[in-house]
Amino acid sequence: MDPDECGIPVVLTADDVAKLNAEPRHAHEVQPVATCDLEGGHPGEHHAYLQETANRTGWWVRWEGNGFGGAYVLEVLRHCHLTRSVPYEDWTDEEACLLWRGHPGRCDF
-1 MDPDECGIPV VLTADDVAKL NAEPRHAHEV QPVATCDLEG GHPGEHHAYL
49 QETANRTGWW VRWEGNGFGG AYVLEVLRHC HLTRSVPYED WTDEEACLLW
99 RGHPGRCDF
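Numbering (this note's numbering), first residue to last: -1 to 107.
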């Protein structure tokens, strides 16, 4: 985890983990615990990236509080459009913001 990230965890149900891992364009195996990807001290709800989908979108989970046993929402959000002036096809983790479009706080690159 990046030391500047919030890091508050959320626990996903086994059914949701299975659903996300069955996504046709999945990029990796989703784990049952995710941590908030936003910058530490952010306002509002926590958000964590879970899985790639299609058309520059990804599955995200959002929640309030500490996320252990609490309610959360799964949603598909468009990727942030900000990059370091590199075409989308050439993005790497260092050149593109990996958060969603309209996120609060700084981009993560």
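Just so it is clear, CB atoms sit at the ideal spot from N, CA and C, and this is done for glycine as well. No experiment lies behind these values; they were computed from the predicted model shown.
- Is the distance from the Cβ of C78 to the Cβ of L36 below 8 Å? no
- Query: Which residue comes first and which comes last in the alpha helix (DSSP H) that contains L10?
  - Reply: Where L10 is concerned, there is no enclosing alpha helix (DSSP H), given that its DSSP letter is neither H nor E.
- Item | Strand pairing of R76, partner residues [DSSP] | T55
- Excluding sequence positions up to five away, which residues of its chain have a Cβ less than 7 Å from the Cβ of R23? E50, T51 and A52
- Item | Proximal residues to D2 (C-beta, below 7 Å), its chain only, five neighbours per side dropped | E37 and G38
- Item | L48: first and last residue of the uninterrupted beta strand (DSSP E) it sits in | H44 to E50
- Item | Same chain, Cβ closer than 8 Å to G56, five either side skipped, listed in chain order | Y47, L48, Q49, E50, V74, L75, H77 and W98
- Could you work out which residue in E21, V28, I6 and L80 is closest to H40 when comparing CA atoms only? I6
- Message: Using DSSP's beta-bridge definition, name the partner residues of R60.
- Response: H45 and V71
- Near E43, what residues of its chain come up, given a Cβ to Cβ distance below 7 Å and the 5 sequence neighbours on each side ignored? R60, W61 and E62
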